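Engineer: I'd like to ask you about the structure that follows.
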Amino acid sequence: MTHLIFADLHNHTQASDGDFTSGQLVARAKALGLKAIAITDHDTLKGIEPGLAAGEQAGIQVIPGVEVSVRFRRPFFTGTLHLLCYFSQKRLSDIKFVTDFETLMSKGRGQGLVRARIVRINEEFGPMGKTPLLARKLVFQDIADYSANASRRHFALALSEKLGMTEKETINQIIGNASPAYLPSGIELEDVARFMKQHPLLSVLAHPAAGSYPGNGHYKEVLPPIEIVETLLPEFLGAGLQGIEVFYPGHTKAFQEILLEWATRHDLLITGGSDCHDALERPLGVAGITESLFRRFEAALV
Numbered sequence: 000m001t002h003l004i005f006a007d008l009h010n011h012t013q014a015s016d017g018d019f020t021s022g023q024l025v026a027r028a029k030a031l032g033l034k035a036i037a038i039t040d041h042d043t044l045k046g047i048e049p050g051l052a053a054g055e056q057a058g059i060q061v062i063p064g065v066e067v068s069v070r071f072r073r074p075f076f077t078g079t080l081h082l083l084c085y086f087s088q089k090r091l092s093d094i095k096f097v098t099d100f101e102t103l104m105s106k107g108r109g110q111g112l113v114r115a116r117i118v119r120i121n122e123e124f125g126p127m128g129k130t131p132l133l134a135r136k137l138v139f140q141d142i143a144d145y146s147a148n149a150s151r152r153h154f155a156l157a158l159s160e161k162l163g164m165t166e167k168e169t170i171n172q173i174i175g176n177a178s179p180a181y182l183p184s185g186i187e188l189e190d191v192a193r194f195m196k197q198h199p200l201l202s203v204l205a206h207p208a209a210g211s212y213p214g215n216g217h218y219k220e221v222l223p224p225i226e227i228v229e230t231l232l233p234e235f236l237g238a239g240l241q242g243i244e245v246f247y248p249g250h251t252k253a254f255q256e257i258l259l260e261w262a263t264r265h266d267l268l269i270t271g272g273s274d275c276h277d278a279l280e281r282p283l284g285v286a287g288i289t290e291s292l293f294r295r296f297e298a299a300l301v
């Protein structure tokens, strides 16, 4: 980042797969001198209300948001992409909005998906599987011990901490996109588009170039290269996409320039965020946007 970060618009709390409570995240933002952050947990609204309360007390503007998982099954890509959906604080008092949104997102995660993934993993990699890699079968409680809203990170933790797997390459072989046991999480883009027609949101395509990061990236193994994202971009635009996350820890300067061109060509808002999950590997405040970009973003919130 070469510009001053005023707002960090992509962050996670313990409501999904972050290490911090909403209050701890806000406290860290204040300590770093940030003026605004967004709370964008995976497929849940549960971290937002505590974050708003903490932000009001600390003098930090907190933007409500969600990172919605969108699944694709195409001949050229089977997997999940992410859509950052932002809205104004007043929407949380709209019971129909909250209920409909939570119902929509619940279709893409939850116990059903976790149990289905466990069955597939054991069939492929369990002691009696086609490619035995696990010392014992993976069980539901292995994942449930970490979160009721399980993500890929929780599967990786279970394989490492409970089944003693130390090689990242082997873990990725089991739970990565190329794994024969892989089942994409998320909801269909058509369902998101239908929801946004009833309940307008400010929708932003999350980390579009993270899958093309030239080094070791957290999402490189599970997100497609930028060329595939570009192929799918018209579908997102047709669903009502309004912005694109340009400034991101896994976006090189060259990819930032490509994404800025996309934003110009399609008249999209420019956003950015750290994708904070913890204090060391994915910390707060390492990516974001300037005040001028934030004011444009803020004006588009509904």
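Under numbering that gives the first Met the number 0, think of the first position of the sequence shown as 0, with each following residue one higher.
Glycine included, every Cβ here is placed at the ideal spot set by N, Cα and C.
Fair warning: this is a prediction, and the values are worked out from it, not measured in the lab.
#1: For the candidate residues 225, 237 and 234, whose alpha-carbon lies nearest to that of residue 254?
#2: For residue 14 versus residue 64, is the C-beta distance shorter than 7 Å?
#3: Could you check where the alpha helix (DSSP H) with residue 233 kicks off and where it finishes?
#4: Does the Cβ-Cβ distance between residue 7 and residue 287 come in under 7 Å?
#5: Please confirm whether residue 205 and residue 11 have their CB atoms less than 7 Å apart.
#6: Across which residues does DSSP place residue 244 in a beta bridge pair?
#7: Between residue 99 and the rest of its own chain, which residues show a CB-CB distance below 8 Å, the 5 nearest in sequence each way excluded?
#8: Looking only at C-alpha atoms, which of 88, 31, 151 and 153 sits nearest to residue 49?
#9: Please check the pair residue 283 and residue 27, which I expect to be a contact at CB under 8 Å, by giving their CB distance rounded to whole angstroms.
#10: Would you tell me roughly how many angstroms separate the C-alpha atoms of residue 32 and residue 5, rounded to the nearest one?
#11: Cα-Cα, which of 155, 209 and 301 is closest to residue 243?
#12: Is the beta carbon of residue 155 less than 7 Å from the beta carbon of residue 170?
#13: Specify, as a first and last residue, the run of the alpha helix (DSSP H) that residue 258 falls within.
#14: Between the beta-carbon of residue 39 and the beta-carbon of residue 3, is there less than 7 Å?
#15: How about residue 201 and residue 241: do their beta carbons lie closer than 7 Å?
#16: When you compare the CB positions of residue 35 and residue 60, do they come within less than 7 Å of one another, or not?
#17: Which runs of the alpha helix (DSSP H) at least 4 residues long sit entirely within the segment 173-204? Give them in chain order.
#18: Within 10 angstroms of its Cβ, does residue 123 collect 16 or more other Cβ (buried), or is it exposed?
#19: Assign residue 97 to one of three DSSP states: helix, strand, or coil.
#20: Per DSSP, which residues does residue 36 bridge with? Please list them.
#21: I need the straight-line Cα distance from residue 0 to residue 127, nearest angstrom please.
#22: Can you give me the start and stop residues for the beta strand (DSSP E) that residue 81 sits inside?
Structural biologist: In short, the structure shows the following:
#1: Taking the sequence shown and counting its residues from 1, one reaches residue 254 at position 255. The shortest C-alpha separation from residue 254 is found at 225.
#2: One-based indexing of the sequence shown puts residue 14 at position 15. One-based indexing of the sequence shown puts residue 64 at position 65. Not closer than 7 Å, so no.
#3: By 1-based counting over the sequence shown, the position of residue 233 is 234. Note, residue 233: alpha helix (DSSP H), 225-237.
#4: By 1-based counting over the sequence shown, the position of residue 7 is 8. By 1-based counting over the sequence shown, the position of residue 287 is 288. Their beta carbons are under 7 Å apart, which means residue 7 touches residue 287 by this criterion.
#5: Translated into positions along the sequence shown, residue 205 becomes position 206. Translated into positions along the sequence shown, residue 11 becomes position 12. In this structure, residue 11 does not lie closer than 7 Å to residue 205 by Cβ.
#6: In the sequence shown, the residue the question calls residue 244 occupies position 245. Residue 244 is bridged to 270.
#7: Within the sequence shown, the letter at position 100 stands for residue 99. The residues are 194, 197 and 198.
#8: Here residue 49 is taken as the residue at index 50 of the sequence shown, counted from 1. Here the closest residue by C-alpha is 88.
#9: Locating residue 283 in the sequence shown gives position 284, where the first residue counts as 1. Locating residue 27 in the sequence shown gives position 28, where the first residue counts as 1. With 8 Å as the limit, residue 283 and residue 27 qualify as a contact, their Cβ atoms being about 5 Å apart.
#10: Here residue 32 refers to the residue found at position 33 when the sequence shown is read from its first residue. Here residue 5 refers to the residue found at position 6 when the sequence shown is read from its first residue. Between residue 32 and residue 5, the C-alpha separation is close to 8 Å.
#11: For the purposes of this step, residue 243 is taken as residue 244 along the sequence shown, with counting starting at 1. It is 209 whose Cα lies nearest to the Cα of residue 243.
#12: As a first step, residue 155 is located in the sequence shown; it is residue number 156 there, counting from the start. As a first step, residue 170 is located in the sequence shown; it is residue number 171 there, counting from the start. Taking 7 Å as the Cβ cut-off, residue 155 and residue 170 qualify as a contacting pair.
#13: The residue labelled residue 258 in the question sits at position 259 within the sequence shown. It spans 252-265 - the alpha helix (DSSP H) in which residue 258 sits, taken as one unbroken run.
#14: As a working mapping, residue 39 is identified with position 40 in the sequence shown. As a working mapping, residue 3 is identified with position 4 in the sequence shown. No; because the gap between Cβ atoms is not below 7 Å, this pair is not in contact.
#15: Within the sequence shown, numbered from 1, the residue matching residue 201 stands at position 202. Within the sequence shown, numbered from 1, the residue matching residue 241 stands at position 242. Their beta carbons are under 7 Å apart, which means residue 201 touches residue 241 by this criterion.
#16: The count along the sequence shown starts at 1 and reaches residue 35 at position 36. The count along the sequence shown starts at 1 and reaches residue 60 at position 61. Their beta carbons are under 7 Å apart, which means residue 35 touches residue 60 by this criterion.
#17: 188-197
#18: Indexing the sequence shown from 1 puts residue 123 at position 124. Classification for residue 123: buried.
#19: Numbered from 1 along the sequence shown, position 98 holds the residue referred to as residue 97. Note: residue 97 maps to helix in three-state DSSP.
#20: Numbered from 1 along the sequence shown, position 37 holds the residue referred to as residue 36. Paired residue(s): 7 and 61.
#21: By one-based count along the sequence shown, residue 0 stands at place 1. By one-based count along the sequence shown, residue 127 stands at place 128. Unreliable placement is indicated for residue 0, whose pLDDT of 42 sits below 50; no coordinate value is reported for it.
#22: Sequence index remark: in the sequence shown, residue 81 carries index 82 (1-based). From DSSP, the beta strand (DSSP E) with residue 81 extends over 76-85.
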